[in-house]
Each structure stands twice: as structure tokens, then as C-alpha cells.
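There are 4 protein chains.
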Amino acid sequence: MTKEVNVALIGTRFMGRAHSNAWSNVRKNFKLDIKPVLKVACGRKIDDHINEFAKQYGWEAVSDQWEDVVSDPNIDIVDISASNKSHFPIAMAAVKAGKHVICEKPLAMTAEEAKAMYLAAKEAGVVHMTAFNYRQVPALIYAKQLIDEGKIGDIRHFDAVYYQDWLINPDFPFVWRNDIVEAGSGAHGDMNAHLVDLARYLVGEVADVSGIQNIFVKERPVRDGSGTREVTADDATSFLCHFNNGALGSFISTRFATGRKNYLKFELFGSKGSLKFELERLNELQYFSTEDDQGDQGYRTILMTESVHPFISAWWPPGHIIGWEHTFIHEVKLFLDAIALKSDLSPSFYDGWRTQSVMDAVVKSSEKKTWVKVEA
Amino acid sequence: MTKEVNVALIGTRFMGRAHSNAWSNVRKNFKLDIKPVLKVACGRKIDDHINEFAKQYGWEAVSDQWEDVVSDPNIDIVDISASNKSHFPIAMAAVKAGKHVICEKPLAMTAEEAKAMYLAAKEAGVVHMTAFNYRQVPALIYAKQLIDEGKIGDIRHFDAVYYQDWLINPDFPFVWRNDIVEAGSGAHGDMNAHLVDLARYLVGEVADVSGIQNIFVKERPVRDGSGTREVTADDATSFLCHFNNGALGSFISTRFATGRKNYLKFELFGSKGSLKFELERLNELQYFSTEDDQGDQGYRTILMTESVHPFISAWWPPGHIIGWEHTFIHEVKLFLDAIALKSDLSPSFYDGWRTQSVMDAVVKSSEKKTWVKVEA
Amino acid sequence: MTKEVNVALIGTRFMGRAHSNAWSNVRKNFKLDIKPVLKVACGRKIDDHINEFAKQYGWEAVSDQWEDVVSDPNIDIVDISASNKSHFPIAMAAVKAGKHVICEKPLAMTAEEAKAMYLAAKEAGVVHMTAFNYRQVPALIYAKQLIDEGKIGDIRHFDAVYYQDWLINPDFPFVWRNDIVEAGSGAHGDMNAHLVDLARYLVGEVADVSGIQNIFVKERPVRDGSGTREVTADDATSFLCHFNNGALGSFISTRFATGRKNYLKFELFGSKGSLKFELERLNELQYFSTEDDQGDQGYRTILMTESVHPFISAWWPPGHIIGWEHTFIHEVKLFLDAIALKSDLSPSFYDGWRTQSVMDAVVKSSEKKTWVKVEA
Amino acid sequence: MTKEVNVALIGTRFMGRAHSNAWSNVRKNFKLDIKPVLKVACGRKIDDHINEFAKQYGWEAVSDQWEDVVSDPNIDIVDISASNKSHFPIAMAAVKAGKHVICEKPLAMTAEEAKAMYLAAKEAGVVHMTAFNYRQVPALIYAKQLIDEGKIGDIRHFDAVYYQDWLINPDFPFVWRNDIVEAGSGAHGDMNAHLVDLARYLVGEVADVSGIQNIFVKERPVRDGSGTREVTADDATSFLCHFNNGALGSFISTRFATGRKNYLKFELFGSKGSLKFELERLNELQYFSTEDDQGDQGYRTILMTESVHPFISAWWPPGHIIGWEHTFIHEVKLFLDAIALKSDLSPSFYDGWRTQSVMDAVVKSSEKKTWVKVEA
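Residue numbers (the working numbering), protein chains in the order written: chain L, 9 to 384; chain U, 9 to 384; chain R, 9 to 384; chain P, 9 to 384.
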């Protein structure tokens, strides 16, 4: 018989919507022995927004008291889609209360926090996940398979960018993401976190880094027209790295890449093949193989909609593409599987912590203007 | 207060899934004054499949008696996702019973049937829709806007292809789509129907046609291993046409386009600009404008994820793409809007009929090996 | 020892330039036992243009008397780059005088003329070539190799377009190419001739055709401002065909494809693989193989600059692309090889004739509005 | 009357061929008041290779004594296409002898050498050019124009890669380019030199850098089978930089980018627009403008073959692409123009020196593992 698990969502904005959509749709497409019940959505206050939000996605109740929610004995799963700053206290409380926890990235404000979260979750024996949803893009799981099968050979380079452009206008008003205290970081935490997680997933651990952080527009108007406010979070952060296995890495994240909306891209080069991926065409993977006949070699555009591709048999026939939101459905599916099987999963809090260690090293490197080793 | 409308779905296979997903998700993303209730899913028999299907998508009941379902006074909307042959009898019965009807394409087996369905629906005063879902791709609605704004100028050419490859292997077994009696037609009805509808939407009415139909593999093995069966439905149908406004058209639909999975593509050329669209990258529209500075002219790849783009404000921020299934959610949204507003919509049964008239002319042309005028 | 052959060029405009460039450069990159001497360039009159032209490319003399030139005993090769109308008389005279002849396409104004030219050249035992230069694109020779090796399997579809846009503006003045008497045809002879030759090269002979020809802008201003003149040559010609081997073909040539400059493109689908080519990216060939691992299948973009690719070892290292003009150098190289080896070559006048037969059938089909068999 | 200038070429390998092709073709396509005479080609020894080479390209004589050649009073121009090591002595001698000098990149083995060359050339009053041929790609000159016209706005990012893959096989034998003493550097000098020159051209001067250099395969077999030899030149060099104007830069050059043959690519982001360029598609420029209508914004693929595009009126009609070798013809054209006009040109030895300063700073940064300021 299907077991029900009660979910509490903390955070009802962008990520809250994406997660709600996933919770409410996962069983339409995947056969699961476990059924998530959308029990309560928790925000900062009870208002029209949260009531409307709950009705839209089918949350049975609303709350503005996350402490109560995470300690409620009826709740099995806590989904943390709230602000970066709140991840640590909520996750620690949830884990302590024995809840399974899925938490948005970046997992914490510092590697230290992230490590504590990981250790607490491990100690508590709960299922824990860092919501690096891009690991659930079929093309990227398939990329990992190609690497694991040896089709790419020894990896030499991982060159990644994450380009957005929503801050290029200096008159764009100050938002919480421009505030280092509120957001923890700017482009770095929001965007490089994804790149670093993918790098660890596909290539391996990062040894050391040399980075720069930059704020192009130092002051921005505040929305109420009362003047300007100093931007303290990075507009752009780039870094170079060595991986433990000898590969070289290059990472660029910026909100000043005019014309690029949500353009995460990487090229990965190995001794036997290479891969290229672009998030705005997430149904495609570019693959070059040196094992093709000599004259026939070239980058293949694999349309990632065949039933042999990861997760795809749950969706539509070949050539019928999926969207960005599907990555969250896959994520929730994995999370529920782990609960059903009482198994570990990846990306866990461990991965959130390891990524945060790389991120912290980059910040330190940028401040010191030198190479910095990633702390183990 | 939100009004509830009860939906009956006839057909629980591929299209039944896509429609169910739409009915169950439309209100998560769109604010509607009307709420669809998934009342009953109707198939050919009551079995594990239909029970599982109903549970997955939340249909309250199941049935194997479509006649009862469409005459049930509790039902407001009949959604016909069943086989092509059944569209006519079900739609006629539903319309007669005063139901609003959304029907998959091709609307009917012949233009004559389609016309009767249109006239009956009009007479009954119900909302009627032919489910040409590609009209609900944001890029294509935007294409239509550019044309209507005069940015493309006088249209000269509409060159469209619809490529699939699932029949290239001669050992692929005989399926109902290979049977002209069951399916009405092959690639023509399944794929050209979409192209013709888009052509009418973007360019205008078709005047006359010259076409060819072809069966490349004449016999296919039957699945039970008992021998082979003659293929009677077309593997490929191509045709040329004149539009009433003087534009020329070219259409190719085939299931023998090796490497193409669901590749609907067109190029549309006007006196001031041009457009290109590919379904497997449905979040993009290519646009060329002669009004750009002379040296700067080129095809623009517009990523159709800005809030100013059709339907997009309901979804995600820029750069976060939608999938194929979203077109059905948009479709259902329009259908419900029309019911709420008691208004007409397009593509209606009228559009289903007009498309069928073009389709029939192509078949006749292929048989007679001459040009055939499209019947008004 | 290297043998010298004396070349006479008839026609000093666009094609004359491309051919002159080829004659003067062929031995820089290819080792040949034969050396072309640029003896005389012949135009309609002796003026500054032709004198300047001869100096630029190194023609030793100029002439305005093609009859004298082609009968000059010193001349070994006649290169006909003059207007379509003049191909027949010049080629017949040249062949009669025992010259080797390379002639621009379309070979003649009619299939009848072309056949006579072919028979005369054969009778005379001279080397004869129709200058379908796109057969000398490395990517297309490679495509032919893949087909001949069986990698594509049985060909099902050849869908080709040739798009240009230089006539879209109705105010663009009348030119000789708009005059059916002068040019023989419009887009059809200029552009479809290339497509048909490639189709014959890659797929095989055409059995029958159904076509349409269209003039979008009926009158154009004459350049001297004295009024307008009626356009009599086709702006666009499209046709469908059956090939003898059962494949289907689709061809579109138009000068009203806004935004496309010299965009010859085709997709060719076979039972085992497929090919795609675009002339504006002539250094690339797209290749899809069903023999790749199931999950890894996709169109490969082969960059046609490896030493194993046709003609490329004569040029630059991998990744260093060649241009459009190189096709003429390859063409001249083949022509000189055939003279040196006293061998046949392809595309010969035979190919020019066979293409012209297809072209004529299309014109007839367009007039009669019915399918027309290609004459053998 | 046309003035003749006598050219001496030093170096007859890859670059010698590209330059010879340029000298011999420049007047076919460009009207010049000055005529280069291919006087002497100079190599390391007189052998079949150089004799054949001279015959191919039309060099009147050959030599193995560069000292004699550069001091020959008959010579006006010295073209240095020889090994990196030889640039300094040859250029210094040539300049001293009052010759105009065009020298391949990297200009010298160190910035110090390069500076001396620049000062000597300036002092001598001769025309001097560093052969950064990619500055003569029409798309890149056009990119510069767009920037200068203000269409891109304030530049924020310049992210460039130069990918090749000819060293990925560890069994590929040791070549002179693997030897730091012979080559001066590996990927860095060969490939980053191009990127840095383009960066200076398009963005401006570089302030400081942080780089890494890497050798993936430490030993390679020697060709004669006698064992292996240590690789001392870098396989890959990457660096980050600040530009003086506040923009950030990222540079990656590697010979281990499997599948990439000669893939120089950059993306340049400004406050009003952005540009993207790929060398293997050098006839195209990608341009995004924030000044397009909001819903219509997208990267335009500009096909750089219009007569309004730089250098193109000398070539072919729209849509007829040029190749890699054309950049050298453009280069030589500019050089001859500067001689005719007795004017300065860019990229001169000054540019060669400034680039070398950046290059040296990267090497130092890699050694010291810290940021290094570029010396003025």
C-alpha cells in the first residue's frame, strides 16, 4: 500500500513555486510507493499571497511560524525554499526534529554552517538533499554516464559560465540579492554554486582556486525613490582552479552578460571525447567522440528525449521536449525514492558543504589576490 | 465565486495523458474564474490501465461507455482524445447534448464530417475547439503578432516540414496508424494537419494544391509474429500550394526522416522580414528584419521566455524554458476562458473543417496527379 | 616536363572573375603535370573594364571576337562564363574546333540544345565539363562518399531549397536576369539547376515532376528612370519529384527569401542515416547515423577541414576554413586532370543535359498544371 | 603609375605559405597603387622544398642566407614568417637596413625584445606590422566599429577561448612547439597571443592578470623512435584579468580541447549590447542589442558578406563566404596601403610589444601564483 508522507514547505516565492509544482505533479508521471501530501506552506506572514499560493498548488494549510511547522510531529519532510540566510537555522531545527530535509542552494552562508548541517543530518539519520536541480537534467545525468563509462577518457578541462543580464541597467533598483548580509553573496552564491556542484559531479573535487569578484554598479536606486543604496554583493565572480585529478577549471558567473537570460554552459574536454551543454537548450547534449571514424568526427547534438535517456520514459515520445520545471519533479522523485528505500542520495548536504568550501575559497582568494587551497 | 465545470475525457492514451496533465495543472499557473473538475475518464474498457490512469491524474471516475458519458447532465465539457475515427460520432453526440467540446486533430475523417461537426456545434451554441496545440506555443503566437503588426510585410513563401523517423525500420511492426481505415490517413492526417493549421493561422487560406503520397514500406510484420500486413496509410505526404493572398506554400510530412524525432519546422518569408521556427526548440523564434541597420541585419534567435511573450508571465523568469506539454495547458486555458466569457475561440471546429478541406484536396490531387482547388 | 595549355575565357563578369581566380591559383595548391596559361580574356567589347580585368588576373590578351578566339589554333581550352544564351553557339564552335570546354550552368537554354552540345563534345573527343561548382565542395564530395559506402542506406527523401533575397524590394530595378529571353529562366535556371545537379549526383535520376513558377513583382522600374518593364523570368520555382529509385524530392528556389543571401540547403534521409548541408556554412556537413549507440545518436557537425576530407590536404590545417571561391579551384583542377589523363569527368555536358531535361519538365509541368515525366 | 616594391620572405612553412598566397593574390581583388614583387624566398637551406615552394607561389629567387637578404638594397619589404626565436634578430637587422617589416606573432620571445623591435622600427621610420591576421577578419573589424559607434556601451566582460586538440594523444610525437627553448612558449604564445591582441583591439589595455600554465603530457616519444623527450612548453594556459576600463577578462588557450580544431571564440558583453564570434565560422558575427524592441531581442547571426562589411566589396556577392586565408590578403593590403601613404598602421610592432607584456605577466603570475601587473 502507498505510504503517505506529509510535506511542509518553507518559502513561497520563486523556488517555493517550483517545488510546489514538483510535489503536486511527481506522482502523475512517476510510479512511487510513497505519496507526498502537501500539508503546510509556511511564509513570513499570513497574507493574500500565501493564501492564494496555497490554493493554487493545493497546500492544505498555511503558517507564518516555521519553528512550529518543523517541530510538528505530523510533518515528515521539510522543504526549505526560503532565503539563504534562513537555511541553517531551519535545517538544523528540522533535522533535530527528525525530519527529512530538502534545502535550496547555496546550502548555507559559509562552509562551516554547511558542514554542521551535514553532520547533524547524518547523525540524525534523516534523508537530506541539497536542491541542485540541474543535476536532474537528463542531459547532465547522461553526461555523467558517458564519463563513467570511460567514453570521455581523462578529463583535461571543465570550462563553465553562468550568464544572466538582469542587472545591466544601472537604474535597476536595489534588491535583496544586492545585499551581502541578506544574500550571503551575489552571482557567486546564486550561480557559481550550480557550476561548482556540476563540476564536482562530472569532474571531481577541486584542489585550489584563484578568483576575482566584481561590483560593476556600486550604487543602485532604492525602489521607494528615497535615494540610492550601496551594492555589497558581487555582480560577477570568476575563478580558475585545479581539480584533484589534474584537470583545469574555469568558472564565470555574472549578471552583466547582456542578452543571456539564464545561460549556464560548459564545455568538458577529455582524452577520448568531449561534452558541451547549454541550459537554455536543456533537452540537448553535445558529444564529440574520437572513436568515430576519422572523417566522420564531429559534435553530435543529441536530443535528450529518447526512452533510454534518464527520466524520459516517464514523459513524452521522442522529440517532445521537457521544460526547466521538470528538473524539480525529478529531484523530488529521487528524494521520495530515498525515503522509501531508506537510502542515501546525491546531491546531499555533503555535496552542499563541499560546494560551499570551494565557494569560500574563491572569496578568500579574491580578497587575498592569491591562490587558495580548498579546505577538506 | 469560482464556477466549477465538469470534464469528461474520452481517450486515455498519449493525447489523453497530455490533456489530463493540462486539466489538472491549468489553475496552478493561470488565474481563472472557472474551475475544471476532472469528473470521468472514458476508455474502451475498464481495466488496470484506465484505473491507474484515473488515479494518476485525479479523474474521479472511469467509464467505458462514451455514449452515457457525453449525455450525462452532470458533464459540461467533453474532451475527445480518442481515435480519429471516433471524433465525429462522439462530437456530434456531445454537441447535441449541449456540451462544450474540445476535440483532437484531425477533427474528422473527411471535410464533410468536419463541416457537419462545425455546423452542429455552431447551431448548438457551445464552445468548440480543435486541439491544434501548436497554436499555443508562445513563439508561434508571437510570430502571428509580428505578422499582424506588419513587421513581416506581404508574405511570399511558407515552407514547412514535419519530420519524424519512427517507421524507418522495415521490421517495425504494423500499428493502427498504418491502417487507412482505422487512422483515416498516415503522416498526412497526423502531421500535415498541424502544418496546414499553422499555415492558415499565419498566412491565410489555401487556394489549390498539388501533392504526392507515398508508402515506402508496403508490408510490415504483425506484432504477434503471425506474418505481415499491408500498409495502407501514407508514410509521407508532400504538397505545394498557392495561398489566396498570392503566397506559395510547400509542405512535407514524413515518418522516414531519419534522425528527426518530432521536427516540425517552417520558414516564412515576407517583403519586410522573415521567421523561422523549429518545434524541438520551441522556446525559440528566429526573426529577420529588413528594418535593422543594413550591416547589422541577421536572423535573431529570440528566446521566448520574457514576460512580454505570450503566456510566459504565468511561468518562470527569463531563460527558464517550458516544455511541449505546456501547449496543452495554454489550450485548456483558452478553452475555459471562452466558456467563462461565452465567446468564440480559435482554432474552433471551423478551423478543423477548413484544414480538413485542404487535406482532402491533397489526397485527391495525389490520386489524380493534378492540381486541385480547395473546396470552400 | 610540365605541359602548358592555353586558356581562353569568354565572359568577364561575376563568373569570369571566379574562373580567372581559379585558373591563376590552381597550381599554387595542387601539383599538376599541366600548366594553364591565361592566354586571352574575351568580352563583348574592348574597354577599360576588360583591360583592367585582364591585368588583375594576368590574362595575356583581350578580345571582343569570341569566334576568332575559339577557332584560334593556339587555344587549348575554352572557358565559357558568358550569358546563358551564348553557351550553345560558343560551345558548339569550340568543340568543333577541337577545344576542351568548360561551360557555366545552366548548360543551355533547353534540353535539346544541351543534348546537342553533349553529343558534339563526345563526338569530338574533347574534355567537357558543366561548371556545377558545388559538386566540388569538400562536404558534398564527402556526402557522396558516405552514400556510396552504404552509410546512409536507401534514400527516402531529398529536400532542397535555394534561397536568395535580392529581388524582395519591388523598387529594385529590372535586370537582365528578369528577362526570360535573355536569361532563359529566372530562379529556376540559376538556382534549381544547382539543386537538380546535386540531386542527380547524390540520389540518382529524376523520374517525374510537378512544379510551379511564380512572378511576385510583375513590373520593375528600368534603371534609366524611363518607366517600368515587365518581369518575364520566374522569381521562384518549386517542384516535387519522384526519383527512379523511389525516393521523393522537394525543390524550392526563390529570390524572395528575405534574409537568405545564398542559402542552398538540403536534407537527405536514408534508411540508415541522413545528411544536412548549408552552403553559407560550406565547411560543415551534418551527419546522423543510426549505427551510433542508441542513446548517443544525434546530428554530427563535421568540420570539413581534416586532411582526410576531399581536396583539403591541399589547403590548411584542421579548423582553417576555405571559402566559396575554392570550389572553382577544385573544378579547374579536375578539368586539368582529365586533360592530362585523357579521361572523362563528371559533371560533364552529359550532366548538364540531364539536369536541363529535369528543368524543362518542371517548366512544362508548371504550364500544364500536371505531372510531367522527365525525357530520357 | 604603379610603384613596385620588392618583397623578401623569410620562412617557407605554414605561415610562409599563407603569406605567399597573400602577396600573390592581393592585387587580384584590391586596387593598389603599389605592386609587390615576390623577389626572394629565404629558408634554412636550399633544397627541393624551397625550390618547389618558390615555383608554386612565384618567388623569383631563393636563399638560405637571411642576413644577405635583409641587407640587399633591392629589397623593400621583409616578411618574417620564420620561427619565433628568429623574429628578433631578423627584424632588428631589417629595420636597421631601412626595410619595411611585417613579422609573425608572437612578435618576440619576451616583451623586452619586442619593445626594442618597436623602438628600432619607430626610430628607422619604416612601416612595421605584427601579423595578427585575425584583426583582418571582416566580422572583427565590424565588431570594433559597433563598439566605437557606442552600440555595445561600456564593456563589462571579454571571455575568450582558443581551443585546439592536436596534442590530446599522448603518443603524438614531440615537435618543436613542445620545446620552450625553441618556441618560447606553447599554447600561450601561439594562441593566447591572438586572444590578447583581439582583447586590446576591442576592449583596451590589460591592467593585471592571474594565470595558470599546465603541461598535461610530460613526456612525448621522439619521432625517430629513440625514446621520449620532456615537454617543456605549456599545453594550456588560462588567465583572468582586469582591463584598465574596469572590464573583466577570461582567457583559455589549450591544445587539449578534444573536438575543437582551431576554435577561437569570444563573448563580449557591454551595457547596451553584446557580441559573439567563432573563428571556425568566421563569416558570421553574433550581435545582441538592447535597443531592439523588447520582445524582439535576440542574438542576430550577421552573415558578414554584405558589401557594407569591411573588405567584402572586394570579394563576392552576399552569401558567398571567404576563407581563413583571406585574412592574410587583407593584412598585406593594409601593409601596402601604409607604405603607399607613408602612414602608421595597427597592429604594429607597438601592438606586438603590448601583447607580449601581457603574455609575460601571465607567465610570471603562473610562476608566482599571484596577480601580476602588466608592465607599461
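For each residue, glycine too, the CB sits at the ideal point set by N, CA and C.
All values derive from a computational prediction rather than experimental measurement.
Short CB-CB distance (under 8 Å) between residue i and chain P
i	result
residue 36/R	yes
residue 289/R	yes
residue 70/U	no
residue 246/L	yes
residue 256/L	yes
Exposure label - residue i; buried when at least 16 CB within 10 Å
i	result
residue 37/P	buried
residue 69/R	exposed
residue 189/U	exposed
residue 357/P	buried
residue 54/L	exposed
residue 41/P	exposed
residue 22/L	exposed
residue 184/R	exposed
Nearest residue (CA-CA) to residue i, options the options
i	options	result
residue 50/L	71/L, 31/L, 109/L	71/L
residue 377/R	239/R, 267/R, 217/R, 367/R	217/R
residue 19/P	165/P, 61/P, 295/P, 12/P	61/P
residue 47/L	67/L, 35/L, 167/L	67/L
residue 213/R	360/R, 228/R, 332/R	360/R
residue 132/P	138/P, 92/P, 124/P	124/P
residue 325/P	332/R, 52/R, 379/R	332/R
residue 79/L	314/L, 100/L, 115/L, 112/L	100/L
residue 29/P	382/R, 323/R, 343/R	323/R
residue 363/P	215/P, 221/P, 87/P	215/P
Endpoints, alpha helix (DSSP H) assigned at residue i
i	result
residue 64/U	56-65
residue 219/P	First-last for residue 219/P: 214-222, but that is the beta strand (DSSP E), not the alpha helix (DSSP H).
residue 343/U	334-349
residue 25/L	22-37
Any C-beta of chain R under 8 Å from that of residue i
i	result
residue 65/P	yes
residue 265/U	yes
Min CB distance residue i to chain U below 8 Å
i	result
residue 156/P	no
residue 138/L	no
residue 314/P	yes
Delimiting residues of the beta strand (DSSP E) encompassing residue i
i	result
residue 274/P	271-278
residue 42/L	42-50
residue 77/P	Counting along the chain, residue 77/P falls outside any beta strand (DSSP E), though it belongs to the alpha helix (DSSP H) covering 74-79.
residue 384/R	Premise fails: residue 384/R is in no beta strand (DSSP E) and is neither H nor E.
Min CB distance residue i to chain L below 8 Å
i	result
residue 269/U	yes
residue 240/U	no
residue 202/R	no
Checklist entry - Going along the region 96-129 of chain L in order, which residues come within less than 9 Å of chain R, judged by CB to CB distance? => result none
Item to check | Selection of the region 319-339 of chain P by Cβ proximity to chain R, strictly under 9 Å | outcome: 323, 324, 325, 326, 327, 328, 329, 330, 331, 332, 333, 334
Checklist entry - What residues from the region 9-32 of chain U come within 9 Å of chain L, judged by C-beta to C-beta, listed N to C? => result 22, 25, 26, 28, 29, 32
Item to check | Chain-ordered residues of the region 215-236 of chain R with a beta carbon less than 7 Å from chain U | outcome: 218, 220, 222, 224
Checklist entry - Using a Cβ cut-off of 7 Å, which residues of the region 277-311 of chain U contact any Cβ in chain L, in chain order? => result 288, 289, 290, 311
Checklist entry - What are the residues of the region 143-171 of chain L that lie near chain P, defined by any Cβ-Cβ distance shorter than 9 Å? => result 160, 161, 162, 164, 165, 167, 169, 171
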